[in-house]
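Undergrad: Numbering follows our numbering, with no gaps: position 9 of the sequence shown is 33.
Please see the structure below; I have some questions.
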Amino acid sequence: MEEQNDNQLNIELSEEMAEGIYSNLAIITHSTSEFVLDFIRIMPGVPKAKVKSRIILTPEHAKRLLTAIEENVAKFEAANGRIRIPEDNPGFPMNFGGPVGQA
25 MEEQNDNQLN IELSEEMAEG IYSNLAIITH STSEFVLDFI RIMPGVPKAK VKSRIILTPE
85 HAKRLLTAIE ENVAKFEAAN GRIRIPEDNP GFPMNFGGPV GQA
């Protein structure tokens with residue numbers, strides 16, 4: 025007789041969702057009952073940016089997400105080396121650090 029796992033969860037991922045949304049900035053805010061994560065894409069030379077995705081979490085799920093990200097970063101660094109974040113520029117690079125394009 026086959027054992028059935030009652031804790032199994034089937035997750036559906038549509039083709040559109042599987043493509044993902046690129047984001048290079050996240051803004052996190054919170055209230056007493058929820059955390060809001062806004063994922064934004066900033067493009068060089070464009071003074072306006074749009075929120076591409078907003079995720080709303082309970083505080084408990086936000087903490088679970090934090091733990092999951094910490095564990096995955098540790099696994100990534102164990103396999104690929106330390107992720108370096110330049111200390112001389114702690115803010116977000118608004119000019120992307122590259123040459124300015126001309127037409």
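For each residue, glycine too, the CB sits at the ideal point set by N, CA and C.
#1: Measuring straight from C-alpha to C-alpha, what distance separates Ala-73 and Asp-30?
#2: Where do the N-terminal and C-terminal ends of the beta strand (DSSP E) with Leu-49 fall, by residue?
#3: Contact check, Arg-58 vs Ile-80 under 8 angstroms by CB: the rounded distance?
#4: Where Arg-128 and Ala-92 are concerned, what is the direct C-alpha to C-alpha distance, given to the nearest angstrom?
#5: Apart from the five residues just before and just after Arg-78, which ones in its own chain have a Cβ nearer than 6 angstroms to its Cβ?
#6: On the DSSP bridge assignment, give the partners of Val-75 in chain order.
TA: On the basis of the supplied data:
#1: 44 angstroms
#2: Start and end: 49-54.
#3: Inspection of the sequence shows that residue 58 is occupied by Glu rather than by Arg. For Glu-58 against Ile-80, the beta-carbon gap comes to about 5 angstroms, under 8 angstroms, which counts as contact.
#4: The first residue shown for the chain is 25 and the last is 127, placing residue 128 beyond what the model contains.
#5: Correct list, in chain order: Asp-62.
#6: Ile-64
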